[in-house]
Structures are given as structure tokens and as C-alpha cells.
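Counting in our numbering, the sequence shown runs from 204 upward without gaps.
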Amino acid sequence: MDDHAATSEQALLSFDRYLDAAGVRKDLIAIKTNAITEGEQYASQATPKEVGRRTVELWRGAIDDRVKLVLMLSGGLSDRTSTEYLNAIALENTRNNTGFDVSSSFGRAAHRRPVEIWSKDPLRNVSWAQDSFAINAVQNELARQGNYSSPDDPR
Numbered sequence: 204m205d206d207h208a209a210t211s212e213q214a215l216l217s218f219d220r221y222l223d224a225a226g227v228r229k230d231l232i233a234i235k236t237n238a239i240t241e242g243e244q245y246a247s248q249a250t251p252k253e254v255g256r257r258t259v260e261l262w263r264g265a266i267d268d269r270v271k272l273v274l275m276l277s278g279g280l281s282d283r284t285s286t287e288y289l290n291a292i293a294l295e296n297t298r299n300n301t302g303f304d305v306s307s308s309f310g311r312a313a314h315r316r317p318v319e320i321w322s323k324d325p326l327r328n329v330s331w332a333q334d335s336f337a338i339n340a341v342q343n344e345l346a347r348q349g350n351y352s353s354p355d356d357p358r
């Protein structure tokens, strides 16, 4: 995770310098960036809480205070993992009173499962796929607020 965080920090700081040079009003933009995670190749994965802590730590130090919305990229993550990470990031963001809102750029994570359901039988599975999409959207809204509980969370 340390290498991932260091590389991400360099990229964000470089991007920030580019925005400054271009005269971009940072109070009017959203930043789409990655969460700090272990690579998929590692057997041991960080907990969502650790991902949230490390991600917000990075974002606080590398994203200009004038930016009011940071979107976590979810490409390559499962629906559930993306939602769990977003929830942990939102909780950590609230604890640290960062001044920016968080959400997810969850296009692939939001539509992967519904498209998978629909594609198995496009004529019969429309309603099931739509329900799956709606459930995912609700779960991500809860996660954005730090109020998501995964199905096997003992809370």
C-alpha cells in the first residue's frame, strides 16, 4: 500500500500543479481518483477501514482544499468491495472533517451485475436487472453517507 500511496500522491500533486498552471477554478471541479488499496495480486488484502484511513490521509494531503467533491474510481473492484470502500472512506472523511464530499465513480461496479443478469435472458430478466441496479444505487448512497452495512456485518 505504501508504494501505491506514494505513486498516487505524486500523480495528484502533479495534476494539482497542472490545474494551477491552467488557471482552473478548483472550487468548481470534482476530482476522480483512486482509493489506496492492496494490489489484487496480494493474498492479504487491507480491510475497508484501512483503505478508508489511508485514502483519506492521502486525499487530505494531496488535494487542494478548494476542491469540494472527490470521486473514488471503482474500476476493477466488485460491487460489494467498491461499496465497502466508499463507506469506509466516507466515515473517515467525516471523522477528519476534510471539507470535501466523497462519492464513487461507480459506473462499472453499478452496472456489471445488472448487465450480467440481463444478458443471461434479455427478454425475461429486465425487471431483475433493474432491481439489481436500484439496490446497488441505494447501497452506494448509504455508503456515501457512511451508513452502509454489508450483509454479513454483525452491527
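Don't be surprised by glycine CBs; every beta carbon is placed ideally from N, CA and C.
Small disclaimer: the values here were computed from a predicted structure and weren't measured.
The alpha-carbon of Ile292 is positioned some 26 angstroms away from that of Tyr221.
Counted as a single uninterrupted DSSP element, the beta strand (DSSP E) harbouring Lys235 occupies residues Ala233 to Thr236. For Val259, the enclosing alpha helix (DSSP H) starts and ends at Pro251 to Ala265. The beta carbon of Tyr288 lies closer than 6 angstroms to those of Ala238, Pro251 and Val254 in the same chain, with the five residues before and after it left out.
A buried status is given to Ser211, since no fewer than 16 other beta-carbon atoms sit within 10 Å of its beta-carbon. Burial check for Tyr245: the Cβ neighbour count within 10 Å stays below 16, so the residue is exposed.
Restricted to the segment 297-342, the beta strand (DSSP E) segments that are unbroken, complete and at least 3 residues in length are 304-308, listed in chain order.
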